[in-house]
Amino acid sequence: MGLAAVGNQVNLLELSGEQISELLKSGRLSIAVFGLGGVGMAVAAVWLRAGARVIGVDVDIRKVEAIRSGRIPHPEEVVVSTLRESLSSGRFSVTTEGSEAVKSTHVADVIVPLVYSSEGPDFAPLDRAVEVIGSSMRRGYVVVIETSLPPLTTETRVKSTLERLSGLRADEDFALIYSPERVLVGRAIEDIELRYPKIVSGIGPRSLRVAEALYSNIARAGVLKVSSPRTAEFAKLAEGVYRDVNIALANELARLARVLGVDFTEVISTANTQPYSHLHRPGAGVGGHCIPVYPRLLSWVAQLFGVRLELVDHARSINEAQPLEVVHLLLEELDRLGYSSADGLKVSVLGLAYRGGVPIATNSPTYRIVWELLRLGYQVSVHDPLIEADEYLRSTGVELSRDLREALLGSVAAIVATDHREYSRLTPCDLVELSGSSIVVVVDARDIMKVDPCCGAVYVGIGRGRWCSATEG
């Protein structure tokens, strides 16, 4: 098929890889990105950088209006600048009308959230997006799913909905691709374009060929073709489960190290000189959209097939309880110093973001730390250099400040809960000074502070153990 007069009716399944690449690079390929969260906006930016025209689709009208006006809620400057420039040039637009977006494009790239509750995965956002696409797509259309999913979801739930609503057959009339996103928001462009191979799978060989043709223009680290969507789905979840299990192991070993008077950070650096040792760092818990959720998704599927993932489930329980371990360390030290009850004492928690360097608090361990401190009767303030407001903290009456001195003033203790770079430059002495000399305990739940416990405060590192102040002898 020639490309001179190609429009939205082109059948990508009938084109060669070279023709698909030419469409993309020449700006004649249009892509609808469903879901404009942090990852979705980054993916939209990557497609734009590769040459595509992009329509962003989101159900949140306020977000759509903000993006349309050039207010891009994303921490990466390259994402913000790419979307703004493309809005100005007309290559990027946003809408809440997914049906119209599908009718105007060649490809739908779905990156909507999948959350997990006590009742199991909530497929509603995915189902809505797939239903809109299935009701609006035509022969030759391409559907890409990037949302992290339980294995078999693409091959069953997604495929059957698309075929039922479109009257078309997957891999014969339309392409169905599963290609999980593999990014950390904050460095998403680098992850997609440079850092990792792009995992691609197709519902059949024609879909896989289209996937390879599309993503070979995106991922400089290469395209990794796998045998089936269920394999790709499993691989994505396994990445997160591996990290969750190893973080739980680190948290357990750090607990023993503290009892033995061993600096676990030294253990890590020593043990990891062995090529097969990959000890992770302990912390305050595990947050974000991914790692806390993936073990639950995999265990949910396992239970459907009569399999119990005992190690995975136990690791998840350890990491969920880790914020309480952090509070326990604080209470232990306060009790040792004679502060046997909360009695209105103030504790400052440094860091709301689930990890350093990003303004994102999804599933942050800080929430449970704050909840437990409030339950025990402490006054709590939270500092984060990147987050201006938080609905949960507001609802509990907890002050969130970007001014460190303001957050620390009058506190009896501080907990470093997030590994922001700003905190790695601080010593316990700095916190004592900023608090007006009221702080007596510093719990470093990320082991990132410069240790200099010489000015009246006890320092406890989650992996470093207890360092007494000079005044204790």
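Just so we're aligned, residue 33 is where the sequence shown starts under this note's numbering, counting upward by one. Glycine included, C-beta positions come from ideal geometry on N, C-alpha and C. Everything numeric in this text was worked out from a predicted model, so none of it was measured.
Open item on the list: Please return the same chain residues whose Cβ sits closer than 6 Å to the Cβ of residue 319, not counting the five positions on each side in sequence.
Closed with: 386, 395, 396, 397
- [ ] Check residue 142 in the structure and name its three-state DSSP category.
- [x] strand
Task: Enclosing beta strand (DSSP E) for residue 296 [first to last residue] - done: Here residue 296 belongs to no beta strand (DSSP E); instead the alpha helix (DSSP H) covers 296-303.
TODO: For residue 212, count neighbouring Cβ atoms within 10 angstroms of its own Cβ and tell me buried if that reaches 16, exposed if not.
DONE: buried
Task: Inter-residue CB distance, residue 194 and residue 208 (contact presumed, cutoff 8 Å) - done: 7 Å
- [ ] Please go through the same chain and pick out, in chain order, the residues whose beta-carbon is closer than 7 Å to the beta-carbon of residue 36, but skip the five residues on each side of it.
- [x] Any reading at residue 36 must be qualified, since the residue scores a pLDDT of 38, below 50, and its modelled position is unreliable; no value is offered.
TODO: Let me know the secondary structure DSSP gives residue 103 once reduced to three states.
DONE: coil
Task: residue 491 versus residue 294: straight-line alpha-carbon distance, rounded - done: 15 Å
Task: Secondary structure of residue 226, DSSP reduced to three states - done: helix
Task: Inter-residue spacing [alpha-carbon to alpha-carbon] between residue 420 and residue 102 - done: 20 Å
Task: Whole runs of the alpha helix (DSSP H) within the segment 304-392, excluding any shorter than 4 residues - done: 326-336, 342-368
Task: Bridge partners - residue 499, DSSP secondary structure assignment - done: 491
Open item on the list: Taking the beta carbon of residue 399 as the centre, do at least 16 other beta carbons fall within 10 Å, making it buried, or is it exposed?
Closed with: buried
Open item on the list: At a threshold of 7 Å, does residue 101 count as lining the ligand HEM (C-beta to nearest heavy atom)?
Closed with: This structure lacks the ligand HEM, and indeed carries no ligand of any kind.
Task: Rounded distance between the beta-carbons of residue 374 and residue 408, thought under 8 Å - done: 5 Å
TODO: Return yes when the Cβ of residue 278 is within less than 8 Å of the Cβ of residue 312, no when it is not.
DONE: yes
Task: Reduced DSSP category for residue 129 - H, G, I as helix; E, B as strand; rest coil - done: coil
- [ ] Drop a sphere of 10 angstroms on the beta-carbon of residue 58, count the other beta-carbons inside from all chains shown, and report buried for 16 or more, exposed for fewer.
- [x] exposed
TODO: List the residues that DSSP assigns as beta-bridge partners of residue 415.
DONE: 382, 433
- [ ] Examine the Cβ distances between the segment 131-144 and the segment 174-185 and report whether three or more of them are shorter than 8 Å.
- [x] yes
Open item on the list: Helix, strand or coil, according to DSSP, for residue 86 in the structure here?
Closed with: strand
TODO: Pull up the CB-CB distance for residue 381 and residue 449, whole angstroms please, since I reckon it's below 8 Å.
DONE: 5 Å
Task: For residue 153, the first and last residue of its enclosing beta strand (DSSP E) - done: 152-154
- [ ] Flag this pair as yes or no: are the beta carbons of residue 166 and residue 203 separated by less than 8 Å?
- [x] no
- [ ] Can you have a look at residue 306 and say buried or exposed, based on whether 16 or more other CB atoms are within 10 angstroms of its CB?
- [x] exposed
- [ ] Evaluate the contact criterion for the segment 86-97 versus the segment 115-126: three or more CB pairs, one atom per stretch, below 8 Å.
- [x] yes
Open item on the list: On the CB-based measure, 16 or more other CB atoms within 10 Å of its CB, does residue 42 come out buried or exposed?
Closed with: buried
TODO: List the whole-angstrom C-beta distance separating residue 280 from residue 323, where the pair is believed to meet the contact cut-off of C-beta under 8 Å.
DONE: With a Cβ gap of about 11 Å, residue 280 and residue 323 do not count as contacting.
Open item on the list: If distances are taken between C-alpha atoms only, which option among 99, 444, 325, 354 comes closest to residue 367?
Closed with: 444
Open item on the list: So the candidates are 487, 480, 474, 335; which of them puts its Cα closest to the Cα of residue 498?
Closed with: 474
- [ ] May I have the straight-line CA-CA distance separating residue 495 from residue 458, to the nearest angstrom?
- [x] 17 Å
TODO: Enumerate in chain order the residues of its own chain whose CB-to-CB distance from residue 478 is below 6 Å, with the five nearest sequence positions on each side excluded.
DONE: 315, 448, 451
Open item on the list: DSSP has residue 232 in a bridge; who is on the other side?
Closed with: 257
Open item on the list: Whole angstroms are fine: how far does the CA of residue 348 sit from the CA of residue 51?
Closed with: 46 Å
TODO: Compute the beta-carbon to beta-carbon distance between residue 215 and residue 74, rounded to the nearest angstrom, for a pair I have assumed lies under 8 Å.
DONE: 6 Å
Task: Spatial distance of residue 331 from residue 345 (CA atoms) - done: 7 Å
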